[in-house]
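Peer 1: Sharing a structure with you now.
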Amino acid sequence: MTDLSPTAYWPALADPVLDGQRLFRQLLAALSEPGTVQQLDAPQPPEDGCGAALWGSLLALCDPEVKLCFGEGLDSPNLRASLAFHTGAKSTADSRQADFAVIDAAAPFAADDFRLGEPIAPERSTTLLVRVERLDSAPVWRLSGPGIPGERHLDIGACHPSLLAALQANSDSFPCGLDVFFVCGDRVVGLPRSTRIEEVR
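Each residue of the sequence shown is one higher than the last, beginning at 170 in the numbering used here.
Put into structure tokens, the structure is as follows:
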């Protein structure tokens with residue numbers, strides 16, 4: 170871990186307990202209403218590439234028992250040091266050991282690189298935090314499934330075909346599979362493993 174002075178660490182939540190609970194509830198709401206945008210009131214990190222929603226999600230989800238892995242271009246010594254300082258979470262280079270993985274939507278993706286859970290313990294799967302270009306309700310993806318009355322639409326911008334294919338196959342393995350949070354700026358959208366995705370265009 171990089172040894173930083175206390176003033177060099179990324180900003181923490183103003184009230185770690187109450188704000189952490191508030192953000193956690195928002196993340197749960199995002200998963201229970203797939204495709205709806207939640208705006209997270211979280212500190213803005215000082216480095217490009219990690220917006221308030223991603224940083225706030227990490228602060229809310231991580232604790233000393235959590236292991237994280239980071240995709241190429243999303244890791245930095247200051248991020249790892251600040252996260253360890255504020256939450257005690259540890260980073261790992263082995264994605265199969267990760268409870269949470271931070272990746273970019275435009276990067277190649279293989280679901281088998283992560284834990285998908287088991288029928289007797291589906292909760293033992295990796296949750297993805299995916300950085301995206303945008304979060305709009307434009308009809309690029311059609312979403313359906315539990316928590317969605319009829320259908321919703323979502324546009325995340327650039328998405329690697331391998332990630333889209335993995336997400337489309339995700340619901341077939343339910344109750345196993347990957348839960349996903351898309352993050353952009355200060356906004357987040359949740360897609361649980363039960364959500365079905367169809368390309369509209």
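For every residue, glycine included, the Cβ atom is placed at its ideal position computed from N, Cα and C.
Could you compute how far the alpha carbon of Asp232 sits from the alpha carbon of Pro185?
Peer 2: So the alpha carbons of these two residues sit roughly 12 Å apart.
Peer 1: Ordered along the chain, which non-local residues of its own chain (more than five positions away) have a Cβ less than 7 Å from that of Arg362?
Peer 2: Asn339, Ser340, Phe343, Gly346, Leu347 and Asp348
Peer 1: Apply the 10 Å Cβ neighbour rule to Asp281 and answer buried if 16 or more other Cβ atoms are within range, or exposed otherwise.
Peer 2: exposed
Peer 1: Answer yes or no: do Val235 and Asp263 have a C-beta to C-beta separation smaller than 8 Å?
Peer 2: no
Peer 1: On a Cα-Cα basis, can you pick out the residue from Gly218, Pro180 and Ala222 that is closest to Ala199?
Peer 2: Cα-wise, what sits closest to Ala199 is Ala222.
Peer 1: What is the residue span of the alpha helix (DSSP H) that Thr296 lies within?
Peer 2: Element bounds for Thr296: not the alpha helix (DSSP H) but the beta strand (DSSP E), Thr296 to Arg300.
Peer 1: If I'm right that Gly326 touches Val301 with Cβ under 8 Å, what's the distance once you round it to whole angstroms?
Peer 2: Yes, they are in contact, since the Cβ atoms of Gly326 and Val301 sit about 6 Å apart, within 8 Å.
Peer 1: Taking all protein chains shown into account, decide if Val352 is buried (16 or more other Cβ within 10 angstroms of its Cβ) or exposed.
Peer 2: The residue is buried, with at least 16 neighbouring Cβ atoms inside 10 Å.
Peer 1: Alpha carbons only, please: which of Phe283, Ser306, Asp273 and His322 is nearest the one belonging to Leu298?
Peer 2: It is Asp273 whose Cα lies nearest to the Cα of Leu298.
Peer 1: Which residue comes first and which comes last in the beta strand (DSSP E) that contains Leu360?
Peer 2: Taken as a continuous stretch (DSSP letters only), the beta strand (DSSP E) holding Leu360 covers Arg356 to Leu360.
Peer 1: Kindly indicate which three-state DSSP category His329 falls into: helix, strand or coil?
Peer 2: coil
Peer 1: Beta-carbon separation of Thr295 and Ala334 under 8 Å?
Peer 2: no
Peer 1: For Ile366, count neighbouring Cβ atoms within 10 angstroms of its own Cβ and tell me buried if that reaches 16, exposed if not.
Peer 2: buried
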